[in-house]
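This report refers to the structure that appears directly beneath it.
Protein chains: 2
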Amino acid sequence: MRIMRAEQFKLSREVEYGTPEQNESVRQTVEALRTRGDEALLELTERYDGVRLSAAQLRVGEEEIQAAYSRVEPDFLEALRLAAANIRAYHERQKRQSWMDVQPDGTMLGQVIRPLKRVGVYVPGGKAAYPSSVLMNVIPAQVAGVPEIVMVTPPATGGKPGIDPYILVAAAEAGVREMYRIGGAQAVAALAYGTATIPPVDKITGPGNIYVALAKRAVYGAVDIDSLAGPSEIAVLADETADPAYVAADLLSQAEHDEMASSLLITPSAALAEAVAAEVERQLPLLPRAAIARESIDRHGAVLLVDSLQAGVDVVNRLAPEHLEIMTADPMGLLGSIENAGAIFLGPYSSEPVGDYFAGPNHIIPTNGTARFSSPVNVDDFVKKSSLISYSREALLRDGAHIMTMARHEGLEGHARAIEARLDKEAAAGAAGHENTEGKRA
Amino acid sequence: MRIMRAEQFKLSREVEYGTPEQNESVRQTVEALRTRGDEALLELTERYDGVRLSAAQLRVGEEEIQAAYSRVEPDFLEALRLAAANIRAYHERQKRQSWMDVQPDGTMLGQVIRPLKRVGVYVPGGKAAYPSSVLMNVIPAQVAGVPEIVMVTPPATGGKPGIDPYILVAAAEAGVREMYRIGGAQAVAALAYGTATIPPVDKITGPGNIYVALAKRAVYGAVDIDSLAGPSEIAVLADETADPAYVAADLLSQAEHDEMASSLLITPSAALAEAVAAEVERQLPLLPRAAIARESIDRHGAVLLVDSLQAGVDVVNRLAPEHLEIMTADPMGLLGSIENAGAIFLGPYSSEPVGDYFAGPNHIIPTNGTARFSSPVNVDDFVKKSSLISYSREALLRDGAHIMTMARHEGLEGHARAIEARLDKEAAAGAAGHENTEGKRA
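So the sequences go chain by chain: A and B.
325 is the number that our numbering gives to position 325 of the first sequence; each next residue is one higher, with no gaps.
132 is the number that our numbering gives to position 132 of the second sequence; each next residue is one higher, with no gaps.
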């Protein structure tokens, strides 16, 4: 693993999304789904997944879900259930209430927070079918109160017939009961626009290959989507108190994801730098995914030397890494100066896999520097807010002139007249009331 | 104004974003800014705005801002300040705190909420330069705690030299001190990638013409952007208790915005339908912007008859209008059944311009049905969240086996080993500690 000065490392990298051919293929798929619905969905499923289904076979039956339970190991199910409970507990803390501010004049201003009505979760097939990602996508939506959560996943995974039972069990444990065996751009388009069999959703989340990513981008606007994730990243900020074996193992856990993953150690300690580089070389060949980790470490990994921990913090803030581990004598003492990081792991026991699988915070986290302005998946992603304005008569009489002043300044006389119509009528009613009173007096 | 059954009205409409020529023009502009910075910015400003500036002239000086104050009317300034105070007070209610959950075993899980560091607000020139929109974009960012808020606006507006003083005053009142006289796609690209004169931002908000919208879409990913707004819309849900003159005036206040604006009345009352249609015909010709309002009402306006208020609510929920006014005998009683609406105005005194200018809630609201899944501009749009995980030794010893089970099931052995490295070392330390104790005993 190369060791270099932080100044010599290019902190940002460009990620391209799709060739023109891929974009055109996705455009055609979306158009086919919009115009021909189920018919196109079944055709494309046969073409891309090699499975000829009828419309009635699209939905996964309850008996198939139940059968999946008999195919997973008890220790997997136990771990999954404990993880799900932790994820649920963490995301419950993110829930927010609608509020209303009642003012003395009777005016009420508020913000109504409601769950989205229907959300689609995409789960990839094959080796990228991760039960943990099912939990991380579904549970925040469920905690938000989304009443209809639907999962789609390709009809065959890794050559096996049917759907991976671990995925089915994870979805069922998370509370999903509506699942369809469809994948690719055609599944995204089906969720966005609906077919005779599959009602349309309001939002689509979940990872997928380039066709899935391009399809999500293509349907954005008709529905909401989550962000388009780039390759995974870790930055470890450490001083001489860190255990080189822990640091190396954590860097490698990121590197084994894929060749594009990025693993960086940032440290002021030349001794730690040397020790971690040596540990990476020792541990790497022992991994089953050593070839992937090797390429990732060689192409995108580095040990970056800095003059001080504070200089290291500056590098972190410019990187805005997806995952940040702080292994220093006083990790909590640095927290206040970390401006940009998607998830922050403090101390020697907070290895990244703790967060990937189990602790509770979401493992879907902004990549490629976007932690500067975006956040891990959370309950807010599955709600919408409506402003509430109930203005009182008294407030309108008090404020009406100011509102008309602003409207007229902007050249929007119709806006001013909507207010004036009320003020005029109230004035007339007031005058009439005054006359009546006079009349009674007389 | 046409009156028809709700079932006969097409609820959704397609909004296209840009011709291929416009997209190509924007692509070239973005590329020019990325590669040639200030030089390209000054060239394009001359080409599109007809003003040759030096780099030193890009930033608006403090004296120009002060001079603007002497050019605005006192009643405008008073209204603006009252509006700004209301907007600030409302958005203060949206602020959220970071939180941390400290568990008995010493584990700490949390969510750190921080403001974005630098935000750019685009303000159009010419007739679309609305001081109210400056407040609505800037104040939520400021309440969120964004330390650097920068405004850009074209160097000449409506033939006048310099920048509209009302815009300068609105920005200054909202707290902006960094302003640049640039506009169009080149301004968006300058904000996204930075130039020698203009440091890059983390997020770009604010309305603009099609070139601005396309440029925002092009730079999304490098920075965050707000949503791409479609034409403005209002739906009024009313029964026979509503005042036809109020309803008509409110529909027309929307219609005068532009020819594409949509104004709908939804009512079970045939009498109200007739009366409002007549009032629209009476009031419309009296408006300065009658030609625009006429085209909007004829092309996109309608009175939709429904069988009941509840049926009207169903239409509203399918529309997901930007603005919804409820003028019925009991407006608050319908609130619970409104699932989709960006801003909800209750009762006869809550005319839409009250919210456009003054009450406090934001007037930048999801259009074109996107209130199904998105929200008015709010403080959350200017913060980012980081997950925090500080796992204790005790927790890792307890949960480590489950984490390894899940990692190994997903084929990520490196993840399991990052945990195992810790468990092994703790076990060895425990054994060593045991030996030491034994030794002492002996």
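Yeah, the Cβ is synthetic: ideal placement off N, Cα and C, and Gly gets one too.
- Per DSSP, the beta bridge partners of A:V121 are A:M151, A:T205.
- Of the residues A:Y166, A:V188, A:A56, A:A427, the one whose Cα lies closest to the Cα of A:P74 is A:Y166.
- Not flagged as an interface residue toward chain A: B:R88, since no C-beta distance is shorter than 8 Å.
- Runs of the alpha helix (DSSP H) spanning 4 or more residues and lying entirely within the stretch 315 to 390 of chain B occur at 331 to 334, 352 to 357, in chain order.
- Beta-bridge analysis with DSSP links B:Q111 to B:W99, B:S387.
- A direct Cα-to-Cα measurement between A:V315 and A:E259 gives close to 23 Å.
- In terms of Cβ geometry, B:D38 and B:T195 form a close pair [threshold 8 Å].
- Considering only beta carbons, the part of the stretch 194 to 225 of chain B lying closer than 8 Å to chain A consists of D202, K203, G221, V223, D224, in chain order.
- Annotated three-state conformation of B:D224 is strand, per DSSP.
- Taking B:A84 as the centre and dropping the five residues before and after it, the same chain places the C-beta of L135, I139, E173, A174 closer than 7 Å to its C-beta, in chain order.
- Residue environment: A:G414 is assigned as buried (16 or more neighbouring CB atoms within 10 Å of its CB, all protein chains considered).
- The CB of A:A141 never comes closer than 7 Å to any CB in chain B; the least such distance is about 12 Å.
- Under DSSP, B:S262 shares a beta bridge with B:E233.
- The alpha helix (DSSP H) runs of length 4 or more contained entirely in the stretch 262 to 302 of chain A are, from start to end of the chain, 270 to 283, 290 to 300.
- Among the bridge pairs identified by DSSP, B:Y48 is matched with none.
- Its chain contains P268 as the residues whose beta carbon lies nearer than 8 Å to that of A:D307, once the 5 sequence neighbours on both sides are disregarded; these appear in chain order.
- Nearest CB-CB separation between A:D307 and chain B: not below the 8 Å threshold.
- When C-alpha distances from B:L319 are compared across B:D202, B:A371, B:L42, B:L82, the shortest belongs to B:A371.
- For the stretch 342 to 359 of chain A, residues whose beta-carbon sits nearer than 9 Å to a beta-carbon of chain B comprise G342, A343, I344, F345, L346, G347, P348, Y349, S350, S351, E352, P353, V354, G355, D356, Y357, F358, A359.
- The secondary-structure analysis by DSSP pairs A:E173 with nothing; it has no beta-bridge partner.
- Looking at the DSSP output, A:E178 bridges to A:V150.
- Annotated three-state conformation of B:A238 is strand, per DSSP.
- Legend: CB atoms of the stretch 76 to 100 of chain A lying less than 8 Å from CB atoms of chain B belong to residues F76, E78, A79, L80, L82, A83, Y90, R93, Q94, R96, W99.
- Look at A:L116 here: in three-state DSSP terms it is coil, with no helix or strand label.
- Bridge partners of A:M4 according to DSSP: A:L304.
- For the pair A:L334 and A:L304, the CB atoms are not nearer than the 8 Å cut-off.
- The three-state secondary structure of A:G312, taken from DSSP, is helix.
- Secondary structure at B:A431: helix, using DSSP grouped into helix, strand and coil.
- With 16 or more neighbouring CB atoms inside 10 Å of its own CB, A:S296 falls in the buried class.
- At the C-beta level, B:Y193 and B:L33 come within 8 Å of one another.
- Between B:G183 and B:G125, the beta carbon gap of about 6 Å places them in contact (Cβ cut-off 8 Å).
- Bounds of the alpha helix (DSSP H) holding A:Q142 are 131 to 144.
- Identification of chain B residues near A:S392 by a Cβ-Cβ cut-off of 7 Å yields Y349, ordered along the chain.
- A direct Cα-to-Cα measurement between A:D226 and A:R181 gives close to 21 Å.
- For the C-beta of A:T405, the chain B residues within less than 7 Å are, from N- to C-terminus, D75, F76, A79.
- At least one beta carbon of chain A lies nearer than 8 Å to the beta carbon of B:H402.
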